[in-house]
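*Asks:*
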Amino acid sequence: MSRQEFLQRLRDTLTGEVPGSVVEENIRYYEEYIRGEVLKGSSEEAVTEAIGDPRLIAKTIIEASENAKESSSTGGFYSSFTGQDQNVYEEPRQERRGMHYYDLSKWYWKLLGVVAIVFFFLLVGTIVTGIFSLLAPVMGPLLLIGLIYWFVRGLKR
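What follows is the structure in structure tokens.
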């Protein structure tokens, strides 16, 4: 079977079963693999025969894609990536667990931020006012006693 026949059967079997990005990723992989082996001296027919039946490969890709979807929706071991250097079936890299950037350029995110800041200051103000209102009845007499003590102590000198 030629390279084009192999890739067309693989594409036909995968189309409609997995997302288009997975189809294109796998077509690109097998096309590069076959071309690489041909450059090493093998014939296209020998390479495609060694790879196996494209329908069996497609079945494996479909199952792997379904398992990846199931496990990523449940927070499983594998998850999908869009990076060029990562495959759909790879484990997540540790570096992806770093800081997450939130795009706050939309007007509603800015409004939400302003509302959150205003709410924070109102909450802090309410707490501080509540503390002073609880301490005010006690602080008046304590200040008066302290002032009298300071005045009497000052007269003794």
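Counting from 3, one number per residue, gives the positions in the sequence shown under the numbering used here. All C-beta atoms in this analysis are idealised placements derived from N, C-alpha and C, irrespective of residue type, glycine included.
(1) Should P143 go down as buried or exposed, given a rule of 16 or more other Cβ atoms within 10 Å for buried?
(2) Quick one: what's got a C-beta closer than 8 Å to E47's C-beta in the same chain, skipping five residues either side?
(3) For P56, is the classification buried or exposed, using 16 other Cβ atoms within 10 angstroms of its Cβ as the cut-off for buried?
(4) Could you name the residues that DSSP lists as bridge partners for T131?
(5) Any idea what DSSP makes of F83, helix, strand or coil?
(6) Would V20 and I64 be called neighbours here (beta carbons separated by less than 8 Å)?
(7) With DSSP as the reference, identify every bridge partner of V120, one or two as the case may be.
(8) Could you check if I36 is buried or exposed, using at least 16 other CB atoms within 10 Å of its CB as the buried criterion?
(9) Using the rule of at least 16 other Cβ atoms within 10 Å of the residue's Cβ for burial, across every protein chain shown, is V154 buried or exposed?
(10) Of all the options V40, T15, S45, which has the alpha carbon lying nearest to the alpha carbon of I29?
*Replies:* This is what the structure gives:
(1) Working through the sequence shown from its first residue, we reach residue 143 at position 141. Exposed.
(2) The residue given as residue 47 occupies position 45 in the sequence shown. Only M3, S4 meet the Cβ criterion.
(3) Position 54 of the sequence shown holds residue 56. Of the residues assessed, P56 falls on the buried side of the cut-off, its CB having 16 or more other CB atoms within 10 angstroms.
(4) The sequence position of residue 131 within the sequence shown is 129, counting from 1. DSSP lists no partner for T131.
(5) Position 81 of the sequence shown holds residue 83. With a pLDDT of 49 at F83, under the threshold of 50, the modelled position of this residue cannot be trusted, and the question is left open.
(6) Residue mapping note: residue 20 aligns to position 18 of the sequence shown, counting from 1. Residue mapping note: residue 64 aligns to position 62 of the sequence shown, counting from 1. Yes, the pair counts as a contact, with Cβ atoms nearer than the cut-off.
(7) Position 118 of the sequence shown, counted from the start, is the residue given in the question as residue 120. According to DSSP, which records beta bridges pairwise, V120 is partnered with nothing at all.
(8) As a position in the sequence shown, residue 36 is number 34, starting the count at 1. It is buried - the Cβ of I36 has at least 16 other Cβ atoms within 10 Å.
(9) Looking up residue 154 in the sequence shown gives position 152. Classification for V154: exposed.
(10) Residue 29 sits at position 27 when you count from the first residue of the sequence shown. Here the closest residue by C-alpha is T15.
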